[in-house]
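Residue numbers (our numbering): 5 to 759.
Beta carbons: idealized from backbone N, C-alpha and C, even for Gly.
Reading through the structure tokens given below for one structure.
See the structure below:
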């Protein structure tokens, strides 16, 4: 359990008029510098308590000492009269308070050439808002020291204020350390300059010492750019990430940064409602895991529970798991998984994807929040996720990759990943180029950030398993037993001539609906899904059967409404199940806990088809259910590689009209991924991995975001939001009064996306 932090009894109330923040709306008094500093130190203490062994792990024993003093001194420059005037409604100041804060370092850490601790403290202080390049541009070297713009800046801090700041340091640094429970963290207390020397030192040598410190800082940043000392590279990422984390969460007035409090493996099993005698063998093995793990098990055999068992077991083994990241490829899957995990970790789950605010907004409306309260809570949830508050995060791999591309604030992301556990669900869903980046990131996190991984899939071809084993050296593999695979043998394969839009098959799908069955028709493109949906609506008009279309191109409002309707009608644990014809794209492949009676699918790569099969007869209420795959179109439809489709169909042809043995599917995949296909796949993977490592990971350094890499990231992973013309009038009417609800009408589109 985290220790409660209470405000110390020793307090510099003589500095209450010295503010760090302007008054909140409706208030007349701003937040004092002492209070803000205390809050920053409190959040820094949370950082320490989340990862107490971090300095030892990164071979930087003075890290907590450096950060304690950087946090304490980081805003002293706000004592300038110009800054205080701004906080009280005055004119713009035009200076950086963190640069002025450097002048106070000399009271505790003399500017000695070999004092690396002072350099790191200065680096943390001066970088807690702005990049090094921006500070260099704002404060270039000056040829005339007498004309240095820093000189009048120092004069803005009066003797009286300087004496108060000195007294604060003299009286409070040690009691505050004790109040923060940081006594055994290696924090040292250097000799504070004598009171009669503090003021002259500040006024007479402050400009010179600030300039000296800035020169050393910029030289340090330049040396870091060309360094291959990964101890220093990782240490500085964590340095800046930690102070940014502490400062931002303090400014947001978060009371604490919660630690992931995982139950013991056995207690977690009980909370999942699974008896000890009900565990599958692979789940029992996950309860005993101690390392990164690959799990291969049939869909519906409790892989999500297995992942949580693994996390609990690893947390028990290493006595520390500050964060748990659950990584999925599709937004619909992320939305569903966040709800699922919320039951195990109440108020501790954050959802992060491009439309997560709308997803949370909708979820809150369903809990009978008012639109205004739901909007406020959804935006706050987004802010909490952005501040790395939630100990459990459901997100896409692209949210994690932001840190690699050095988007603003990237160091705080890296800090949050240290010692974390990552669960990757259905790793098969990514094309080789994206997969190369994901596995490259996994390896980097394992090697440099002590991260552990749980990768699970119902299917795993050997070439992908080999790549995983290379990225996660020493990874264990857990496979479901033959008996478990036999137990989950619940599908009967049928290959159908023609394609889904042929009238004979449209009539047959509709007939299943009339007979009270739940039918899944899965298409590879949005356009085809829309065509099948229209045909079903015509055929089932007046039949009392819900026909639902689900794909990734809906606006937020419609998509979430449809996901909830599908979850109620087909959810394996829903009490409101009813017949439905669900026409969907690939969004149903991953982590939607739905259970339908029969499948009709476009041809797709085998690993994708297996996921689609897994949405059928999930509860195994029948001995076997039909899963039908059309032979056409077999050209990949510009979504998939045609060779993968055709090789997969050839294998299915050999097992047509037979029960599917999921234990054999990895062998099926190995027959697909061989010779020319394997060579092409490996070539794409290798080229993407090399480009990612050389152009992104190997250039990773602290203190400067990277505009060119940021552009690359958004070109590769981001898209645009468009407003369908049909909603233009409604959007205009809602935009002013309910802007969040209005944004639900927008549709996310990726560049190059196919219809």
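Asked	Found
Bridge partners for residue 300 per DSSP, in chain order?	461, 483
Where does residue 526 fall in DSSP's three states?	strand
Just verifying my parser: in three-state terms, what is the DSSP assignment at residue 79?	coil
Checking the sheet assignment: what are the DSSP bridge partners for residue 246?	Note: residue 246 sits in no beta bridge, so no partner.
Using C-beta distances below 7 Å, list every residue in its chain close to residue 473, excluding the 5 sequence neighbours before and after it, in chain order.	479
Mind listing, in chain order, the continuous alpha helix (DSSP H) runs of no fewer than 4 residues lying wholly within the segment 655 to 717?	669 to 676, 679 to 699
Could you tell me which residues DSSP puts in a beta bridge with residue 35?	25
For residue 2 and residue 558, I'd like the C-alpha separation in whole angstroms.	The structure shown does not extend to residue 2, since the chain is modelled only from 5 through 759, so no value can be given for it.
Would you grab the beta carbon distance between residue 432 and residue 400 for me? Rounded to a whole angstrom, and I think it's under 8 Å.	Contact doesn't hold; Cβ gap of about 15 Å is too wide.
Rank 275, 395, 632, 64 by C-alpha distance to the C-alpha of residue 512 and give the top, closest one.	632
Which residues in the same chain have their Cβ closer than 7 Å to the Cβ of residue 256, if we skip the five residues on either side of it in sequence?	387, 391
Taking residue 349 as the reference, give the member of 752, 690, 320, 396 with the closest Cα.	396
On the CB-based measure, 16 or more other CB atoms within 10 Å of its CB, does residue 188 come out buried or exposed?	exposed
In this structure, how does DSSP classify residue 456 when only helix, strand and coil are distinguished?	strand
Kindly indicate which residue of 592, 40, 481 has the alpha-carbon position closest to the one of residue 25.	40
For residue 456, does the count of other Cβ atoms within 10 angstroms reach 16, so buried, or fall short, so exposed?	buried
For residue 164, which option in 85, 234, 114 has the closest C-alpha, if you only look at C-alpha atoms?	85
By DSSP, does residue 377 sit in helix, in strand, or in coil?	helix
Can you tell me where the beta strand (DSSP E) holding residue 495 begins and where it ends?	495 to 500
Have a look at residue 664 and residue 554 and give me their C-alpha separation to the nearest angstrom.	27 Å
Are the segment 176 to 192 and the segment 237 to 252 touching by the rule of at least three beta carbon pairs closer than 8 Å?	no
Kindly provide the ranges of any alpha helix (DSSP H) runs that are 4 or more residues long and lie completely inside the segment 125 to 185, ordered along the chain.	136 to 142, 154 to 158, 163 to 183
Pick helix, strand or coil for residue 410, following the three-state DSSP scheme.	coil
So residue 12 packs on residue 179, CB below 8 Å; how close in whole Å?	5 Å
What is the C-beta distance between residue 627 and residue 602, in whole angstroms, given that I count them as a contact (C-beta under 8 Å)?	That pair is no contact at about 14 Å.
Near residue 306, which residues of its chain fall below 8 Å by C-beta distance, leaving aside the five closest residues on each side in sequence?	278, 284, 287
Short of 8 Å in beta carbon distance, which residues of its chain neighbour residue 267, apart from the five on each side in sequence? Order them along the chain.	275, 316
Within its chain, find whatever has a CB closer than 6 Å to the CB of residue 404; leave out the 5 residues flanking it on each side and keep chain order.	none
Take residue 483 and list the residues in its own chain whose beta-carbon comes closer than 6 Å to its own, dropping the five residues that flank it on each side.	300
Which of the three DSSP states, helix, strand or coil, is assigned to residue 428?	strand
With a cut-off of 8 Å, do at least 3 Cβ pairs link the segment 606 to 619 to the segment 519 to 539?	yes
Might you give, ordered along the chain, the residues of its own chain that have their beta carbon closer than 6 Å to the beta carbon of residue 692, omitting 5 neighbours on each side?	437, 440
Given this structure, state the Cα-to-Cα distance separating residue 585 from residue 564, to the nearest angstrom.	18 Å
By Cβ distance below 6 Å, which residues in the same chain neighbour residue 325 in space, the five residues on each side in sequence not counted?	264, 319, 425
Any contact of the segment 575 to 582 with the segment 485 to 495, i.e. 3+ C-beta pairs under 8 Å?	no
If I'm right that residue 454 touches residue 666 with Cβ under 8 Å, what's the distance once you round it to whole angstroms?	In fact, because the Cβ distance is near 34 Å, the residues do not count as touching under 8 Å.
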